[in-house]
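Read top to bottom, the protein sequences are chains A and B. Every letter in the first sequence is one number past the one before it in numbering that gives the first Met the number 0, and letter 335, counting from 1, is 334. Every letter in the second sequence is one number past the one before it in numbering that gives the first Met the number 0, and letter 89, counting from 1, is 88. We put the beta carbon where it would ideally sit given N, CA and C, even for glycine. Take a look at the structure below.
2 protein chains.
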Amino acid sequence: MATEVERLRSQLSSTVTITTKATPSKTHHHTPIPSSSFPQGFVLTGLHCGVKKSPNALDLAVVLSTTEKPAAAAGCFTRNAFKAAPVLVCQEILEGTGGGDVGRARAVVVNSGCANAVTGKQGLEDAWAMVRATDALLPTSSFGSEGFEGKPETLVMSTGVIGVNLPIAKILAGIESQNHTPSTLGADFESWERAARAFMTTDTFPKLRARTFTVGGNEYKMAGMSKGAGMIHPDMGPTTPAKTLHATLLSVILTDAPIAPRALQSALTYATDRSFNSISVDGDMSTNDTIIVLANGAAGGAEIEEGHAGYEVFRDELTGFAAELAQLVVRDGEGATKFVTVSVHEAPSYADAHAIASKISTSALVKTALYGEDANWGRILAATGAVPLPSSSTLDPARVSVSFLPADRSAPLPVLVNGEPQKVDEARAKEILQEEEFEVEVKLGMGAESAQYWTCDFSYEYVKINGDYRS
Amino acid sequence: MATEVERLRSQLSSTVTITTKATPSKTHHHTPIPSSSFPQGFVLTGLHCGVKKSPNALDLAVVLSTTEKPAAAAGCFTRNAFKAAPVLVCQEILEGTGGGDVGRARAVVVNSGCANAVTGKQGLEDAWAMVRATDALLPTSSFGSEGFEGKPETLVMSTGVIGVNLPIAKILAGIESQNHTPSTLGADFESWERAARAFMTTDTFPKLRARTFTVGGNEYKMAGMSKGAGMIHPDMGPTTPAKTLHATLLSVILTDAPIAPRALQSALTYATDRSFNSISVDGDMSTNDTIIVLANGAAGGAEIEEGHAGYEVFRDELTGFAAELAQLVVRDGEGATKFVTVSVHEAPSYADAHAIASKISTSALVKTALYGEDANWGRILAATGAVPLPSSSTLDPARVSVSFLPADRSAPLPVLVNGEPQKVDEARAKEILQEEEFEVEVKLGMGAESAQYWTCDFSYEYVKINGDYRS
């Protein structure tokens, strides 16, 4: 018994014991969706083809539009100089330089477990092989052999370890398995969910949402999934030094609305700035980040074009929906215990507001203070002032106000008003900051533009997950 | 006994126990310097005036040039939009709009414990009061009552909590105490060290260095101190919510070389880019960052002007010296267990190399991998590609190489060569990355320019220090 006491005492003294908050469970963010809520004319599946070692881990998603005419397709891709092979292949296809038609596609294929990044010529060949294998699953085009046949109609995404070639034979076998009857492709909730799960790496829940909207009296549906937050591939470790961890944000959004390819790309670019480009887990940009939208027009109606009345309605629906999917990534942020909205108001331009919101959202000092539940306006102010403004305007400290807003929309807590530090009600600060969700609001007093960002805190768990300290 | 076992077991299970590396002691970076190594014509002191609560904590430094003619003076200041009062006052003095002569000063006064930031009109008045009180310590100018008398000749710095007014009476009394005989002002090592200690907040050692150099056959000396890494003021806590933590980098460099004010400013701007602007602890920019150089010409010789042969010699000495002081700040980084040099070579321009080195050095994913002693070239590559290059050049992944270089200059460890992942010798990787100091080298294969950055790792201790989690 004395030995046991000694052992336990020694265990306590030889380690630094940090009392940390438990990372809250986030699985309640995944809920069933009625199958009738999904857009018409799409079938999906998620399966295990063997990229991931665990036999139950889904690692391949296939998404097909069942329409004969190729859907309008648009994409937003990482601006990283080192774009992974699937990113380069998608760009070629959408730009029409890959042999297909500009802004047209009918399928998306996604593998998790291997990013196909920094894989040279072989990587490009593998990505193209995934495209061709998925093209073969598509129903014959109404354009027949003179039409789309032979043209690439599949967009491709990969996420996982970097610097390793895809196990391409396994992936191709997985895709080809859907050519046999019965395939697992389906349009019900279970099929959508399996596809969403096949996107996941260390995500703790599948990120799947659907919404219904109306343009010009016609009802349309939009559904999609996103993936992100997980940067550690579970088979990483000391024995596989050449494989390195890799963070990627992926999203596929599908709609049965009819829209012209160019209008779809404009709407997606606008939406991406206000959704996926407005989130931060750790401020690092991946080589694989990809957002794809397919609009197959299966629900009928007149084609939406830029400049038409319906365009802004569609764009704003897409923006709101993309923001929902983007926020799920932040909620699932590695080690995150807080989901924090950063709003910047009264800015001279949207770009100014966005730049400041981005700086606050990525500041290590702000993020550790959020973890510490500390109403630290000094750090928020220092981050606000650290950004060179795109509009070249000059901030005036005497006009800046900072408040913390509770998620329940009860009374806000002003901490700085027109440059004047406020006497902070400590009990109220504790009440707001101990919640898992709240908002940091910064008013610049210089204009009418606003931007929002979504971020999470920096915790011990974040260091643990990404430090991977080999003790 | 059973109860003790239960108690210990419960203590182990109710906390998340993380085995962390001990933060290495850094006090060996402070060593005595022979008094003969310091530049002529300067006296200094550090004392306790009462800004800090602890009666032994030095919190006020005074630096005077004993020359009758004001020294050439130059400064580099935070680019934060919310500049603290002492920053604004220094800029006015150096620019000649504060009533003094452009680029001239004879003294520096520094307090730690309170940043005098976000303190409005009172803050400016307090900073000016510190200037005037220190001016009164200066020997009468040779220019007499028609000369510099009445003109401000003191530059001022503050570091500590933000949003709180200075205890100005205590500070003024501290400065005025040096008017009485005997003052504690001196030119020996102990006086320099006391001044360096008075800069400290949570720094674990005073950062003081000296060097000797030659321009045009004349020998000159340069000495100085820096301060940084500490962002938490020890009297912070739940009971003082209006006071918030504050990170600041301060440095004073003194030399007895004769140099024209404009040449001194050019040299300092160049040196700051390659020293203080090339370090990162957490990527956050303070409202108070200030570097001041005084060159009093006390060692004689011809005045160094831009374009003269001696100018580049002086500039390079200043750059090397500033880099030494800047590196000490990184070595003392909060929670840091590693001191890592990031070198970017073969860039099209210095600005490109600097931008990439900065991005790698501030990436949370790179910094957690450094803590984890993980040769994670994928994260380094992703950070390298994430920067829009100032020269608008386009990186070519196939030309990029990444190596880890050990501090002892033994064989480097290439992990990526011309875009090709290398088979990494894991034992060798461990050998290099377990050291406290090593270098990450990135070659772009695109030009002849280089830049260096110095950074540290992100540890549990960093989160603890800055999260200040109120459990």
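ALA308 of chain A sits exposed, since fewer than 16 C-beta atoms from the chains shown fall within 10 Å of its C-beta.
Taking a contact to require three or more Cβ pairs closer than 8 Å, the segment 297 to 306 of chain B and the segment 262 to 276 of chain B qualify as touching. Contact with chain B is found for MET284 of chain A, since one of that chain's Cβ atoms lies less than 8 Å from the residue's Cβ.
Contact of GLU448 of chain B with chain A is not assigned, every C-beta pair being separated by 8 Å or more. Pairing ALA352 of chain A with SER360 of chain A, the inter-Cα distance amounts to about 12 Å.
Measuring C-alpha to C-alpha distances from ILE167 of chain A to each of A:SER391, A:ASP125, A:GLY384, A:GLU323 identifies A:ASP125 as the nearest. Annotation for GLU3 of chain B: no residue places its beta carbon closer than 8 Å to its own, counting only its chain and skipping 5 residues before and after. For ARG273 of chain B, the closest C-alpha among the options B:VAL339, B:GLY319, B:TYR459 is that of B:GLY319. Taking a 10 Å sphere around the C-beta of HIS27 of chain A, we find fewer than 16 other C-beta atoms and assign the residue as exposed. Annotation: Cβ neighbours of PRO396 of chain B in chain A (cutoff 8 Å, chain order): ALA80, PHE81, VAL117. Under the Cβ distance rule, LEU154 of chain B does not count among the residues neighbouring chain A, no pair being separated by less than 8 Å. In the structure shown, GLN90 of chain B adopts helical secondary structure according to DSSP, grouped into three states.
Those residues of the segment 380 to 395 of chain B placed with their C-beta closer than 9 Å to a C-beta in chain A are LEU380, ALA381, ALA382, THR383, GLY384, ALA385, VAL386, PRO387, LEU388, THR393, LEU394, ASP395, ordered along the chain. CA-CA distance, ILE355 of chain A to SER176 of chain A, rounds to 49 Å. Annotation: the continuous beta strand (DSSP E) that includes ARG210 of chain B extends over 206 to 214.
In this structure, A:ALA346 is the residue among A:SER111, A:ASN55, A:ALA346 with its C-alpha nearest to the C-alpha of ARG398 of chain A.
Using a Cβ-Cβ cut-off of 7 Å, THR367 of chain B is close to VAL462, ASN465, GLY466 of chain A, given in chain order.
Closer than 8 Å to the CB of PHE457 of chain B there is at least one CB belonging to chain A.
In the three-state reduction of the DSSP assignment, VAL401 of chain A falls in the strand class. Contact between PRO396 of chain B and GLY418 of chain B holds: their C-beta atoms lie close to 5 Å from each other, under 8 Å. Straight-line measurement puts the Cα of PRO151 of chain A at about 12 Å from the Cα of GLN90 of chain A. When 7 Å is used as the limit between beta carbons, GLU3 of chain A is near these residues of chain B: VAL4, in chain order. By the beta-carbon neighbour count (other beta carbons within 10 angstroms, threshold 16), GLU372 of chain A is buried. Note on geometry: alpha-carbon atoms of LEU137 of chain A and THR66 of chain A lie some 9 Å from one another. The shortest CA-to-CA distance from LYS25 of chain B to any of B:GLY216, B:GLY466, B:SER392, B:LYS337 is the one to B:LYS337. Distance check between SER250 of chain B and each of B:SER225, B:SER357, B:ILE258 places B:SER225 closest, using alpha-carbon atoms only. Under the 8 Å Cβ criterion, the segment 51 to 63 of chain A does not count as touching the segment 91 to 101 of chain A, having fewer than three qualifying pairs.
With a contact defined as Cβ atoms closer than 8 Å, GLY300 of chain A and ASN217 of chain A qualify at about 4 Å. For GLU304 of chain A, the three-state secondary structure derived from DSSP is coil. Proximity of the segment 111 to 128 of chain A to the segment 203 to 222 of chain A falls short of the contact definition, fewer than three beta-carbon pairs being nearer than 8 Å. About 6 Å separates the beta carbon of ALA385 of chain A from that of LYS358 of chain A, a gap short enough to meet the 8 Å contact definition. By the neighbour-count definition (other C-beta atoms within 10 Å, threshold 16), ASN276 of chain A is a buried residue.
Cβ-Cβ distances below 6 Å link ARG314 of chain A to ALA266, TYR269 in the same chain, with the five nearest sequence neighbours on each side left out; the list follows chain order.
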